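Before any comments, here is the structure.
This is the structure:
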């Protein structure tokens, strides 16, 4: 480009701006003021006191302070403890946690080491349970979405194993169980386990560990093909015999050869109404696998389209020449096939929840070499996830659909100035901040 065609602005250099490191009281996490007030509003410090074994009285930081700080740093989007080194001189966090100085990262690692047994981690489960219950207040019953995910490690951490790993083949990993409530999207339970594919007995034990309030019913259970075993079905059906309360289910079933043979029988395939171009059809049969004790209803869905995210690899083409993709869902309900399919597909909220836990709270950042501290770290981040959900409930409607990462970016990571004057603290926030109405709505909700 010659001088005659250049923009007039291009001939002037950018203005030179002087730089000075002389301002005290600045924080990059102004939203921590709101977040810690939410912690106090929900009684998190008192809850930690009740459930955790205390440290000695002469310790610099109490057990409650250490764990609250770990929950806070996770909620602010710092998945690794080492990242808290950036907060060394943050005046706001120190003031809100009533500390002269914030803990060193080494203190955070030692705090995790104190969760050295199953009994210690059980204390965190009690904290998680109390923080969870307010999120379920408006749910008449729970829709439990169960899933598991892969957390790859780059060492030989205790309890890891080589198993299913779609991204890093042959690497050691953890494969934790998680359960979400389908209406509120709250994390009901998270349990760390080895990287081996779970067996039916593990699934049953996991399913029995419900974090729900006393008398709060489980109405539905949804899960992918990992959980499609008769052992789990019998456990769910036995629940009705024990309590008189039915637990309905919609679970994915692997398309093994015996089940594939059912697809090619004369079935009453019905085309589903869809605005999309691919043709989708549904049919249902009463099916009994060779080792099952009784038959159950299976809904088949087939689609004329390329493999997509709603069809898992194990569910796709029965053979290469087929123009159809298939999936099988077995259910306890006699609903229309299309309703069963749509209801099952709503469990994608669990997959979105796992994504938020990884990207927004860093559950796949494994910081310790031993198992139980890593299990505690998973639960701490799960508690932080539910507290962020609680923050979204108090915010205006558009913010309730934000991911954890977006909420951190918009409401929590805001620059501010902490001013001390006449023994009072004032947090000075941006004057023309676009998220001020949302902040004030949350502040009003906390005050009432």
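Numbering (the numbering used here), first residue to last: 98 to 545. Ideal Cβ positions, reconstructed from N, Cα and C, are used throughout, including at glycine. Everything numeric in this text was worked out from a predicted model, so none of it was measured.
**Asked** Given a threshold of 16 other Cβ atoms within 10 Å of its Cβ, counted over all protein chains shown, does residue 558 qualify as buried or as exposed?
**Response** Shown here, the chain extends from 98 to 545; a query on residue 558 therefore has no answer.
**Request:** Compare the C-alpha of residue 232 against each of 483, 145 and 125 and name the closest.
**Result:** Translated into positions along the chain shown, residue 232 becomes position 135. The shortest Cα separation from residue 232 among 483, 145 and 125 belongs to 483.
**Request:** Would you decide whether residue 478 is buried or exposed? Buried here means 16 or more other CB atoms lie within 10 Å of its CB.
**Result:** Taking the chain shown and counting its residues from 1, the one referred to as residue 478 is at position 381. Its Cβ being crowded by 16 or more others within 10 Å, residue 478 is buried.
**Prompt:** Between the beta-carbon of residue 348 and the beta-carbon of residue 224, is there less than 9 Å?
**Reply:** Taking the chain shown and counting its residues from 1, one reaches residue 348 at position 251. Taking the chain shown and counting its residues from 1, one reaches residue 224 at position 127. Their beta carbons are not under 9 Å apart, which means residue 348 does not touch residue 224 by this criterion.
**Asked** Roughly how many angstroms separate the alpha carbons of residue 509 and residue 126, rounded to a whole number?
**Response** On the chain shown, residue 509 is found 412 positions in, with the first residue counted as 1. On the chain shown, residue 126 is found 29 positions in, with the first residue counted as 1. Going by the C-alpha atoms only, they are around 6 Å apart.
**Request:** Output the boundary residues of the alpha helix (DSSP H) element that contains residue 118.
**Result:** In the chain shown, the residue the question calls residue 118 occupies position 21. Run containing residue 118: none; DSSP gives neither H nor E here.
**Item:** Range of the contiguous beta strand (DSSP E) that encloses residue 245
**Value:** Your numbering for residue 245 matches position 148 in the chain shown. From DSSP, the beta strand (DSSP E) with residue 245 extends over 239 to 245.
**Pairwise C-alpha distance: residue 454 and residue 511** = Locating residue 511 in the chain shown gives position 414, counting from the first residue. Locating residue 454 in the chain shown gives position 357, counting from the first residue. Whole-angstrom Cα-Cα distance: 21 Å.
**Item:** Under 9 Å between C-beta atoms of residue 474 and residue 167
**Value:** The residue you call residue 474 lines up with position 377 of the chain shown. The residue you call residue 167 lines up with position 70 of the chain shown. Taking 9 Å as the Cβ cut-off, residue 474 and residue 167 qualify as a contacting pair.
**Asked** Whose CA, out of 120, 518 and 496, lies closest to the CA of residue 533?
**Response** The residue labelled residue 533 in the question sits at position 436 within the chain shown. When each option's Cα is compared against that of residue 533, the closest is 496.
**Prompt:** DSSP puts residue 423 in a beta bridge; with which residues?
**Reply:** Counted from its first residue, the chain shown places residue 423 at position 326. Residue 423 is bridged to 399.
**Request:** Could you tell me if residue 525 is buried or exposed, where buried requires 16 or more neighbouring beta carbons within 10 angstroms of its beta carbon?
**Result:** Against the chain shown, residue 525 aligns to sequence position 428. With fewer than 16 Cβ atoms within 10 Å of its Cβ, residue 525 is classed as exposed.
**Request:** Determine the DSSP secondary structure at residue 346, reduced to helix, strand or coil.
**Result:** The sequence position of residue 346 within the chain shown is 249, counting from 1. In the structure shown, residue 346 sits in a strand (DSSP, three-state: E or B).
**6 Å Cβ shell around residue 417 - same chain, five flanking residues per side excluded** = Position 320 of the chain shown, counted from the first residue, corresponds to residue 417. Legend: pLDDT at residue 417 = 44, less than 50; position of this residue unreliable, no value from coordinates given.
**Asked** Alpha carbon to alpha carbon, what distance is there between residue 537 and residue 311?
**Response** As a working mapping, residue 311 is identified with position 214 in the chain shown. As a working mapping, residue 537 is identified with position 440 in the chain shown. Whole-angstrom Cα-Cα distance: 35 Å.
**Asked** Which whole-angstrom value describes the C-beta separation of residue 463 and residue 217, a residue pair presumed to lie in contact below a C-beta threshold of 8 Å?
**Response** Locating residue 463 in the chain shown gives position 366, where the first residue counts as 1. Locating residue 217 in the chain shown gives position 120, where the first residue counts as 1. Going by Cβ atoms, the distance from residue 463 to residue 217 rounds to 18 Å, so no, they are not a contact pair.
**Whole-angstrom distance between residue 120 and residue 291, CA atom to CA atom** = Stepping through the chain shown from its first residue, residue 291 is reached at position 194. Stepping through the chain shown from its first residue, residue 120 is reached at position 23. So the two alpha carbons sit approximately 48 Å from each other.
**Request:** Tell me whether residue 291 sits in a helix, a strand or coil according to DSSP, three-state version.
**Result:** By one-based count along the chain shown, residue 291 stands at place 194. It is a strand residue.
**Prompt:** Would residue 570 be called buried (16 or more neighbouring beta carbons within 10 Å of its own) or exposed?
**Reply:** The chain is shown from 98 up to 545; residue 570 falls before or after that span and cannot be answered.
**Message:** Counting C-beta neighbours from all protein chains within 10 Å, is the total for residue 286 16 or more, i.e. buried, or is it exposed?
**Reply:** Numbered from its first residue, the chain shown carries residue 286 at position 189. Buried: at least 16 other Cβ atoms inside 10 Å.
**Simplified DSSP state of residue 377, which is helix, strand or coil** = As a first step, residue 377 is located in the chain shown; it is residue number 280 there, counting from the start. The answer is strand: DSSP assigns residue 377 an E or B state.
**Message:** If distances are taken between C-alpha atoms only, which option among 171, 197, 226 and 444 comes closest to residue 145?
**Reply:** Translated into the one-based positions of the chain shown, residue 145 becomes position 48. Selected option, being the one with the closest Cα: 226.
**Asked** Candidates 253, 132, 379 and 215: which alpha carbon is nearest residue 193's?
**Response** As a working note, residue 193 is residue 96 in the chain shown. Among 253, 132, 379 and 215, the Cα nearest to that of residue 193 belongs to 132.
**Prompt:** Apart from the five residues on each side of it in sequence, which residues of its chain come closer than 8 Å, Cβ to Cβ, to residue 468?
**Reply:** Against the chain shown, residue 468 aligns to sequence position 371. Only 254, 255, 256 and 289 meet the Cβ criterion.
**Item:** Limits of the unbroken alpha helix (DSSP H) element including residue 223
**Value:** Your numbering for residue 223 matches position 126 in the chain shown. Unbroken alpha helix (DSSP H) run through residue 223: 215 to 229.
**Request:** Determine which residues share a DSSP beta bridge with residue 384 and list them.
**Result:** Start at 1 with the first residue of the chain shown, and residue 384 comes out as number 287. 393, per the DSSP bridge assignment.
**Item:** Inter-residue CB distance, residue 492 and residue 535 (contact presumed, cutoff 8 Å)
**Value:** As a working mapping, residue 492 is identified with position 395 in the chain shown. As a working mapping, residue 535 is identified with position 438 in the chain shown. 5 Å between Cβ atoms; contact.
**Asked** Is residue 334 near residue 396, with beta carbons less than 9 Å apart?
**Response** Reading the chain shown from its first residue, position 237 is the one you call residue 334. Reading the chain shown from its first residue, position 299 is the one you call residue 396. No, the Cβ-Cβ distance between residue 334 and residue 396 is not below 9 Å.
**Prompt:** Between which two residues does the alpha helix (DSSP H) carrying residue 205 extend?
**Reply:** To locate residue 205, count along the chain shown from 1; it is residue 108. That run of the alpha helix (DSSP H) goes 202 to 210.
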